[in-house]
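There are 2 protein chains.
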Amino acid sequence: MLTLALDPSLAETGVALVDQQTERVVTTLAIKTNPAYPEQDRLQVLQESLARLIKKLKPVDLAIELPFVGVNPDTALKLGGVRGMILTLANLHHLRVHEYTTFEVKQAVSGNRTADKEQVRQMVKRLTGIYVANNNISDAVAVGLCHLRHQRFEQALATAEKQ
Amino acid sequence: MLTLALDPSLAETGVALVDQQTERVVTTLAIKTNPAYPEQDRLQVLQESLARLIKKLKPVDLAIELPFVGVNPDTALKLGGVRGMILTLANLHHLRVHEYTTFEVKQAVSGNRTADKEQVRQMVKRLTGIYVANNNISDAVAVGLCHLRHQRFEQALATAEKQ
Chain A
1 MLTLALDPSL
11 AETGVALVDQ
21 QTERVVTTLA
31 IKTNPAYPEQ
41 DRLQVLQESL
51 ARLIKKLKPV
61 DLAIELPFVG
71 VNPDTALKLG
81 GVRGMILTLA
91 NLHHLRVHEY
101 TTFEVKQAVS
111 GNRTADKEQV
121 RQMVKRLTGI
131 YVANNNISDA
141 VAVGLCHLRH
151 QRFEQALATA
161 EKQ
Chain B
1 MLTLALDPSL
11 AETGVALVDQ
21 QTERVVTTLA
31 IKTNPAYPEQ
41 DRLQVLQESL
51 ARLIKKLKPV
61 DLAIELPFVG
71 VNPDTALKLG
81 GVRGMILTLA
91 NLHHLRVHEY
101 TTFEVKQAVS
111 GNRTADKEQV
121 RQMVKRLTGI
131 YVANNNISDA
141 VAVGLCHLRH
151 QRFEQALATA
161 EKQ
């Protein structure tokens with residue numbers, strides 16, 4: 001069973017597919033959009049690339065980083081647009097959605113809620129053997145790893161409750 | 001040819017279908033979502049209702065009010081989510097998207113960029129013969145009327161350029 005892990009952003013969305021059984025990263029990519037084009041066209045590029053990926057690799061779970069909205073409402077509106085597109089795709093393709101805050105992701109991979117990009121990248125390398133130069137891809141892999149940890153924890157809890 | 005006009009919001013999205021030839025309002029409705037449910041489920045309710053409507057009535061244009069984001073990034077993120085879902089549906093169903101600011105909508109129906117809700121409602125009544133008690137539906141009708149005016153203007157311009 002595959003998890004599609006995303007670090008969403010209009011300019012470049014980081015994508016990682018992780019296998020829940022083997023805990024391996026199956027593939028990663030970054031989907032870039034051209035800032036010269038209108039927002040709707042850029043959303044469409046992201047949407048169509050993700051839809052193709054979902055149809056081809058058939059993930060069952062979608063893990064995304066909850067955007068940290070900061071203080072700028074215009075940025076929040078754009079990020080919200082990307083998130084709304086992703087949630088719509090998840091509904092259409094019947095993916096279970098799991099959202100994690102930036103803090104949860106950093107905590108899960110590095111044990112440090114406030115780790116910087118380079119620390120996340122180093123921990124991703126240690127955990128997966130892959131050094132990812134691209135920040136958005138590295139973040140997407142971290143989201144995927146965070147999701148695997150949460151899944152393991154949930155399963156352990158379920159097993160413990162049965163006993 | 002029908003235009004699907006929307007006043008988007010997570011709590012209640014106002015919907016109006018207007019006919020571009022007759023300039024009549026074909027139907028209106030409000031899609032409400034339950035605030036007790038998670039955002040993703042509420043988005044799904046809006047998405048599925050709109051998708052059904054699009055499949056049934058086959059509009060060619062989508063006119064939406066650009067959300068006025070205000071100063072709250074969390075609100076902007078939620079509004080962005082609804083907008084992203086709508087733009088995704090528009091892409092999937094090949095609708096042409098036209099976005100209008102609140103000011104443009106108010107200007108188009110009342111001649112006053114800062115008209116209040118009641119003034120918009122009264123002008124909607126004068127233009128369509130319909131008194132709409134619901135604010136979101138009234139706004140959606142106003143978006144539809146704004147779109148018709150813009151279309152007429154574009155056509156007049158195109159005709160003038162040909163002569």
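Chains as they are written, first to last, in this note's numbering: chain A, 1 to 163; chain B, 1 to 163.
In this text, a Cβ means the ideal position worked out from N, Cα and C, and glycines have one as well.
Chain A residues whose Cβ lies nearer than 7 Å to that of residue i
i: B/A63; result: Chain A residues near B/A63: none, gap ~13 Å exceeds 7 Å.
Listed by chain order, chain B residues near residue i by CB distance under 7 Å
i: A/D74; result: V69
Contacts that residue i makes with chain A (C-beta to C-beta distance below 8 Å)
i: B/V97; result: Q40
Cβ shell of residue i (< 6 Å), same chain only, five flanking positions each side left out
i: A/E12; result: A30, K32 and N136
i: B/L53; result: none
i: A/V45; result: T33
i: A/R96; result: D61
8 Å Cβ shell around residue i - same chain, five flanking residues per side excluded
i: B/Y100; result: A63, I64, E65, L66, A108, V143, C146, H147 and H150
i: B/R24; result: V18 and T128
i: A/E39; result: L10, K78 and G81
i: B/V132; result: T28, R121, V124, K125, S138 and V141
Neighbourhood of residue i by C-beta, 7 Å cutoff - its chain only, sequence neighbours within 5 removed
i: B/S110; result: Q119, V120 and M123
i: B/S49; result: I31
i: B/A140; result: A5, L6, D7, G14, V15, A16 and T28
i: A/L157; result: none
8 Å contact criterion, which residue i and residue j should meet: CB distance rounded
i: A/V88; j: B/M85; result: Checking the sequence, you will find Thr at residue 88 of chain A rather than Val. About 5 Å separates the two Cβ atoms, so the contact holds.
i: A/P73; j: B/N72; result: 7 Å
i: B/T3; j: B/P59; result: 6 Å
### Query
Which whole runs of the alpha helix (DSSP H) in the segment 18 to 90 of chain A are 4 residues long or more, in chain order?
39 to 57
### chain B contacts from the segment 77 to 94 of chain A (Cβ-Cβ distance under 9 Å)
Considering only beta carbons, the part of the segment 77 to 94 of chain A lying closer than 9 Å to chain B consists of L77, K78, L79, G80, G81, V82, R83, G84, M85, I86, L87, T88, L89, A90, N91 and L92, in chain order.
#### Entry: Contact set between the segment 24 to 46 of chain B and chain A, restricted to residues whose Cβ is under 7 Å from the partner
If the cut-off is 7 Å between Cβ atoms, the segment 24 to 46 of chain B has Q40, L43 and Q44 near chain A.
### Task
Could you tell me which uninterrupted alpha helix (DSSP H) segments, each at least 4 residues in length, are contained entirely in the segment 89 to 126 of chain B, listed from first to last along the chain?
102 to 110
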